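Participant: Mapping of the sequence shown onto this note's numbering: residues 6 to 371, in sequence order.
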Amino acid sequence: MPTGWAERTSASTLAGLDPGTSPARASSASSGAAVPRSQAPSQSAQSSIAGPVVTGGERRPRRCTGTALRHLRVGRVAEVLAFESVTVVRGGRPIVDRVDWRVAEDERWVVLGPNGAGKTTLLQMAGALLHPTSGRVEVLGEALGSVDVFDLRPRIGLASAALAERIPAQELVLDVVLTAAWAVTGRGHEQYEALDSERAGAVLEAVGAGGLADRVYGTLSEGERKRVQIARAMMTDPELLLLDEPAAGLDLGAREELVTRLASIATDRWAPAQVLVTHHVEEIPAGFTHVLLMRDGRAVRQGPIQEVLTGRALSETFGTRLRAGHIRGRYWARAVPEAVVSRGRRGLVSVPAGDSTVPAEPDITD
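1) Beta-carbon within less than 7 angstroms of T125's beta-carbon, same chain only, minus the 5 sequence neighbours each way: which residues are those?
2) What would DSSP say about P159, mapped onto helix, strand or coil?
3) Between the beta-carbon of P304 and the beta-carbon of D105, is there less than 9 angstroms?
4) Unbroken alpha helix (DSSP H) runs of length 4 or more, entirely within the stretch 219-247: which are they?
5) If I measure Cβ to Cβ from L163 and keep anything under 6 angstroms in the same chain, skipping five residues before and after, which residues do I get?
6) Ordered along the chain, which non-local residues of its own chain (more than five positions away) have a Cβ less than 7 angstroms from that of I369?
7) State the Cα-Cα distance for the pair V233 and A278, rounded to the nearest angstrom.
8) Note the first and the last residue of the continuous alpha helix (DSSP H) segment covering F323.
9) Within a Cβ cutoff of 6 angstroms, which residues of the same chain sit near R220, ignoring the five residues on either side of it in sequence?
10) Would H295 be called buried (16 or more neighbouring beta carbons within 10 Å of its own) or exposed?
11) Which residues bound the beta strand (DSSP E) around V116?
12) In whole angstroms, what separates the C-alpha of R274 from that of D111?
13) Do L225 and A218 have their C-beta atoms within less than 9 angstroms of each other?
14) Pull up the CB-CB distance for H285 and P119, whole angstroms please, since I reckon it's below 8 angstroms.
15) Contact between the stretch 313-322 and the stretch 257-271: three or more CB pairs below 8 angstroms?
16) Using a threshold of 9 angstroms, state whether the C-beta atoms of G302 and V93 are closer than that.
17) Hey, could you find the ends of the beta strand (DSSP E) L281 is sitting in?
18) Could you tell me which of D180, L117, V101 sits nearest to V142, measuring between CA atoms?
19) Can you tell me which of R171, M240, H136 puts its alpha carbon nearest to the alpha carbon of S202?
20) For the beta strand (DSSP E) holding A338, just list the boundary residues, first then last.
21) Residues in the same chain with beta-carbon distance under 8 angstroms from L255, minus the five sequence neighbours each way, listed in chain order, please.
22) Which of helix, strand or coil does DSSP assign to I310?
23) Since V91 is in the beta strand (DSSP E), which residue starts that stretch and which ends it?
24) Assuming contact is defined by CB atoms lying nearer than 9 angstroms, are V280 and L86 in contact in what I supplied?
25) Over what stretch of residues does the alpha helix (DSSP H) that includes I172 continue unbroken?
26) Ignore the nearest five residues each way along the sequence and tell me which others in P173's own chain have a CB closer than 6 angstroms to its CB.
27) Considering only their Cβ atoms, is the gap separating Y222 from V181 smaller than 9 angstroms?
28) Under a three-way DSSP split, which group does A252 fall into?
29) Taking just the CA atoms, how far does R300 sit from S90?
30) To the nearest angstrom, how far is it from the Cα of G216 to the Cα of S165?
31) For a quick check, are the C-beta atoms of L267 and P243 less than 9 angstroms apart?
32) Is the separation between the beta-carbon of R328 and that of G316 shorter than 9 angstroms?
33) Less than 6 angstroms between C-beta atoms, sequence neighbours within five positions excluded: which residues of the same chain meet that for L128?
34) DSSP on V189, reduced to helix/strand/coil?
35) Using a threshold of 9 angstroms, state whether the C-beta atoms of V115 and F293 are closer than that.
36) Work out the CA separation of L117 and G146 for me, nearest whole Å.
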């Protein structure tokens, strides 16, 4: 894969555009959408301003986004997510309970925990799809409840099972990705330009699905569909990329291929901030920097992944004795038996397994 995020996910170099401008946006930049004075960039960065993005069948102007926004934030790291004492109550019980969490734009987070821990609910708030019952959620600097979410959502790339279910089986793969520019699933009477199609083809190439562009979506394998869904999430050059269990349902080969692709995106300095939800440590791509462990709606532990993702923390999160480690940035976890059997001079004897905490193995370099 090419090394630069802008090179890999856009056709800007072919179209003669500024490298920070995605063709999907630049194709409509001539409309002259206004940028709020408080957010107006310097004159030198004007070519990187996003044009209108369409949501709900109507074109809406967008502020400076994606790579362009990262170019303007020179000398400081901005927060893309800020959760303060966030609670979500359903059926009289909290499914997310007083969670504090912050994500900077140069971080890649894994949200890890058992089924029912509140991970997907947390991701829905990060995607501006759900408001908290109490607490404060800021997404890309905008507070939920005080912002038009239809302006905010196009700045976020989302791949989830719920969205995948709405993709028509008879749709061409290129159109599955292309329609993200209009925030719809299923191509209708929307108008697209050549640069939009180039952008869609570029992001398909980025996830190793370039050869699938002319295929019918319903004929793809599960692994191929996952890659197409991630390409769709990248279509609008988002400032925040959210992946809800992207490797779920994949066989070992397809999982490893997808995880390798995600690792390439995670380690690209021009890529947006990323949050990946999973309940398998083996699905964590190399290059992810932080982890949030959740259980029963609460944050168990959070912080840099090599400090937090230990056997002790995982045991607390999953409610079973676990040991953990990592090799070349890939993590593993195994159950610790209640006792181990040892052969001695007196025959087989039972020995207590001891503390479940096992320090992470040091990385192995070639």
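Glycine is no exception: its CB is placed at the ideal position from the N, C-alpha and C atoms. No experiment lies behind these values; they were computed from the predicted model shown.
Facilitator: In terms of the structure at hand:
1) For the purposes of this step, residue 125 is taken as residue 120 along the sequence shown, with counting starting at 1. Excluding residues up to 5 positions away in sequence, D249, V282 lie with their Cβ nearer than 7 angstroms to the Cβ of T125 in the same chain.
2) Counting from one through the sequence shown, the residue named residue 159 turns up at place 154. P159: helix per DSSP, three-state reduction.
3) Position 299 of the sequence shown holds residue 304. Position 100 of the sequence shown holds residue 105. Checking the sequence, you will find Ala at residue 304 rather than Pro. Yes, the pair counts as a contact, with Cβ atoms nearer than the cut-off.
4) If we require 4 residues or more, the alpha helix (DSSP H) runs fully inside the stretch 219-247 come out as 227-239.
5) The residue given as residue 163 occupies position 158 in the sequence shown. So the list reads G132, A238, L247, once near-sequence residues are dropped.
6) Taking the sequence shown and counting its residues from 1, one reaches residue 369 at position 364. Confidence in I369 is poor, its pLDDT being 39 and thus under 50, which makes the residue's placement unreliable; the coordinate value appears in the next sentence. If the five residues before and after I369 are omitted, its C-beta is found closer than 7 angstroms to the C-beta atoms of I332, R333, all from its own chain and listed in chain order.
7) Taking the sequence shown and counting its residues from 1, one reaches residue 233 at position 228. Taking the sequence shown and counting its residues from 1, one reaches residue 278 at position 273. Using only the alpha carbons, I get a separation of about 20 angstroms.
8) Looking up residue 323 in the sequence shown gives position 318. Its alpha helix (DSSP H) spans residues 316-323.
9) The residue given as residue 220 occupies position 215 in the sequence shown. So the list reads V178, once near-sequence residues are dropped.
10) Here residue 295 is taken as the residue at index 290 of the sequence shown, counted from 1. So H295 ends up on the buried side.
11) On the sequence shown, residue 116 is found 111 positions in, with the first residue counted as 1. 113-117 is the extent of the beta strand (DSSP E) around V116.
12) For the purposes of this step, residue 274 is taken as residue 269 along the sequence shown, with counting starting at 1. For the purposes of this step, residue 111 is taken as residue 106 along the sequence shown, with counting starting at 1. In a straight line, the C-alpha of R274 is about 8 angstroms away from that of D111.
13) Looking up residue 225 in the sequence shown gives position 220. Looking up residue 218 in the sequence shown gives position 213. It is not a contact, given that the beta carbons lie outside the stated cut-off.
14) Position 280 of the sequence shown, counting from 1, holds the residue named residue 285. Position 114 of the sequence shown, counting from 1, holds the residue named residue 119. Going by Cβ atoms, the distance from H285 to P119 rounds to 11 angstroms, so no, they are not a contact pair.
15) Note that the stretch 313-322 does not touch the stretch 257-271; fewer than 3 beta-carbon pairs, one per stretch, sit closer than 8 angstroms.
16) Taking the sequence shown and counting its residues from 1, the one referred to as residue 302 is at position 297. Taking the sequence shown and counting its residues from 1, the one referred to as residue 93 is at position 88. Taking a C-beta distance under 9 angstroms as the contact criterion, G302 and V93 qualify as a contact pair.
17) Position 276 of the sequence shown, counted from the start, is the residue given in the question as residue 281. According to the DSSP assignment, L281 belongs to the beta strand (DSSP E) that extends over 278-283.
18) For this step, residue 142 is matched to residue 137 along the sequence shown. Looking at the Cα atoms, V101 is the closest of the given residues.
19) Start at 1 with the first residue of the sequence shown, and residue 202 comes out as number 197. Taking each of R171, M240, H136 in turn and checking the Cα distance to S202, the smallest one comes out for M240.
20) Walking along the sequence shown from the start, residue 338 turns up at place 333. Looking at the DSSP string, the run of the beta strand (DSSP E) that includes A338 is 335-340.
21) Start at 1 with the first residue of the sequence shown, and residue 255 comes out as number 250. Closer than 8 angstroms at the Cβ level, and outside the excluded window around L255, lie E227, G228, K231, L263.
22) Here residue 310 refers to the residue found at position 305 when the sequence shown is read from its first residue. Three-state DSSP puts I310 in a helix.
23) The residue given as residue 91 occupies position 86 in the sequence shown. Annotation for V91: the continuous beta strand (DSSP E) segment containing it runs 84-95.
24) Residue mapping note: residue 280 aligns to position 275 of the sequence shown, counting from 1. Residue mapping note: residue 86 aligns to position 81 of the sequence shown, counting from 1. With respect to the 9 angstroms criterion, V280 and L86 are classified as neighbours on the basis of their beta carbons.
25) By 1-based counting over the sequence shown, the position of residue 172 is 167. DSSP places I172 outside any alpha helix (DSSP H), giving it a letter other than H or E.
26) Taking the sequence shown and counting its residues from 1, one reaches residue 173 at position 168. Within the same chain, P173 has close Cβ partners G191.
27) The residue labelled residue 181 in the question sits at position 176 within the sequence shown. The residue labelled residue 222 in the question sits at position 217 within the sequence shown. In this structure, V181 lies near Y222, with their beta-carbon atoms less than 9 angstroms apart.
28) Residue numbering aside, residue 252 sits at position 247 when the sequence shown is read from its first letter. Per DSSP, reduced to three states, the secondary structure at A252 is coil, with no helix or strand assignment.
29) Locating residue 90 in the sequence shown gives position 85, counting from the first residue. Locating residue 300 in the sequence shown gives position 295, counting from the first residue. Looking at the two C-alpha atoms, the distance is approximately 16 angstroms.
30) Within the sequence shown, the letter at position 211 stands for residue 216. Within the sequence shown, the letter at position 160 stands for residue 165. G216 and S165 have their C-alpha atoms spaced approximately 23 angstroms apart.
31) Locating residue 267 in the sequence shown gives position 262, counting from the first residue. Locating residue 243 in the sequence shown gives position 238, counting from the first residue. Contact annotation: L267 and P243 have beta-carbon atoms that are not nearer than 9 angstroms.
32) One-based indexing of the sequence shown puts residue 328 at position 323. One-based indexing of the sequence shown puts residue 316 at position 311. Judged by their CB atoms, R328 and G316 are nearer to each other than the 9 angstroms cut-off.
33) Looking up residue 128 in the sequence shown gives position 123. Only L247, D249, V282 meet the Cβ criterion.
34) Counting from 1 along the sequence shown, the entry for residue 189 is found at position 184. It is coil, neither helix nor strand.
35) Start at 1 with the first residue of the sequence shown, and residue 115 comes out as number 110. Start at 1 with the first residue of the sequence shown, and residue 293 comes out as number 288. Their beta carbons are under 9 angstroms apart, which means V115 touches F293 by this criterion.
36) Within the sequence shown, residue 146 is the residue found at index 141, counting from 1. Within the sequence shown, residue 117 is the residue found at index 112, counting from 1. When the Cα atoms are used, G146 and L117 turn out to be separated by approximately 24 angstroms.
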